[in-house]
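Here is the structure we will look at, set down as structure tokens.
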Amino acid sequence: MTHTLDIPVDVTLSRDEILLIAALFERDGLIGLAADPIETQITPAGRGLMLVAAERSLRARGFARLRERDASLEVRRDVLGAVGLCAFATRAAVVTGIDAQGSVAREAVYAAEGQFVCQSSPQPALYRLQTGRSLAEASATLTAALGLPTGVAGAVGPVCGLAAEALRTAREGAERGDASAARMALTAAGMPEAEAAALVALWGQPYRFVGVHRLVAQPTGEAQASAITYLFGQASLWRMVEDAQGAVQLCQVSAGAVQAEVAALLGA
Numbered sequence: 184m185t186h187t188l189d190i191p192v193d194v195t196l197s198r199d200e201i202l203l204i205a206a207l208f209e210r211d212g213l214i215g216l217a218a219d220p221i222e223t224q225i226t227p228a229g230r231g232l233m234l235v236a237a238e239r240s241l242r243a244r245g246f247a248r249l250r251e252r253d254a255s256l257e258v259r260r261d262v263l264g265a266v267g268l269c270a271f272a273t274r275a276a277v278v279t280g281i282d283a284q285g286s287v288a289r290e291a292v293y294a295a296e297g298q299f300v301c302q303s304s305p306q307p308a309l310y311r312l313q314t315g316r317s318l319a320e321a322s323a324t325l326t327a328a329l330g331l332p333t334g335v336a337g338a339v340g341p342v343c344g345l346a347a348e349a350l351r352t353a354r355e356g357a358e359r360g361d362a363s364a365a366r367m368a369l370t371a372a373g374m375p376e377a378e379a380a381a382l383v384a385l386w387g388q389p390y391r392f393v394g395v396h397r398l399v400a401q402p403t404g405e406a407q408a409s410a411i412t413y414l415f416g417q418a419s420l421w422r423m424v425e426d427a428q429g430a431v432q433l434c435q436v437s438a439g440a441v442q443a444e445v446a447a448l449l450g451a
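The opening position of the sequence shown corresponds to residue 184 in the numbering used here, with each subsequent residue numbered one higher.
Spelled out as structure tokens, the structure:
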């Protein structure tokens, strides 16, 4: 089997269909797949039946067939190549957005050997895989997935290191409408007053969290992971990274800087 992409494809597969194909490559899944919405209800026996149903669905739609000689599953070359590149990606970036109401959106891009697969999720547990994208197009997919509001320019501010607990206390206070207590919690933790006021003002309005996770394959076969969180609304834009001690390093950034950083995730 091959995981190169000599045939462009634009295909929507279920989560179970992707897991079934990934298993042909001896992979447990893909980094960009979200947890199954019914995961807590699935027994081991139920999981096996779901994979049987996935196999039948692939065959019914012409994406796979059973080989005559041994009845083993043969997946159509373009579909196999798309999932295979994701499974063997040397770089992958996943953008997960969460708004104040808890609504989640996720997109991913996988890269290997100069080829890219863009993954989106049109419905829960369904994934659209698109190949034949250039580096510029794949990077644009990631920046678009951020969902930055039109007109937010952001600003450059100092980096502030805060304990995660202090940050959470301040956010909860701001969301309750107690802006004064929220600002005090931030300044007591060491944040300058101007930055504290800007952050509390953001929390008092509709805002969005976007987490960006990047995996880079190492020569050892393991993957090096890194994560960045962006927090933004109509008025300001923040970059947040957790350090080795568990503290959160955050600062105001410009929209252009965020777009450039995310676009560069697929580079060397």
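The C-beta atom is built at its ideal place from N, Cα and C for all residues, glycine as well.
- CA-to-CA, the gap between VAL342 and SER303 works out to about 33 Å.
- In this structure the stretch 376-385 does not lie against the stretch 312-319, because fewer than three pairs of beta carbons, one per stretch, are closer than 8 Å.
- Inside the stretch 201-253, DSSP marks whole beta strand (DSSP E) runs of 3 or more residues at positions 247-249, from first to last along the chain.
- Proximity of the stretch 216-236 to the stretch 186-206 meets the contact definition, three or more beta-carbon pairs being nearer than 8 Å.
- Inclusion of GLY215 and VAL278 in the CB contact set at 7 Å is not warranted, their separation being larger than that value.
- Counting other Cβ atoms within 10 Å of its Cβ, LEU213 reaches 16 or more and is therefore classed as buried.
- Here ALA430 is near ALA346, since their CB atoms are less than 7 Å apart.
- Excluding sequence positions up to five before and after GLN432, its CB lies within less than 6 Å of the CB of VAL342, GLY344, VAL424 and ASP426, all in the same chain and listed in chain order.
- In terms of Cα proximity to ALA308, the closest of ARG351, HIS396 and ALA218 is ALA218.
- Residue burial is scored here from C-beta neighbours: SER322 has at least 16 other C-beta atoms within 10 angstroms and is therefore classed as buried.
- Under DSSP, LEU196 shares a beta bridge with TYR310.
- LEU232 counts as exposed, since fewer than 16 other beta carbons sit within 10 angstroms of its beta carbon.
- When the Cα atoms are used, GLY334 and VAL399 turn out to be separated by approximately 33 Å.
- ALA295 is positioned such that its CB atom lies no closer than 7 Å to that of THR314.
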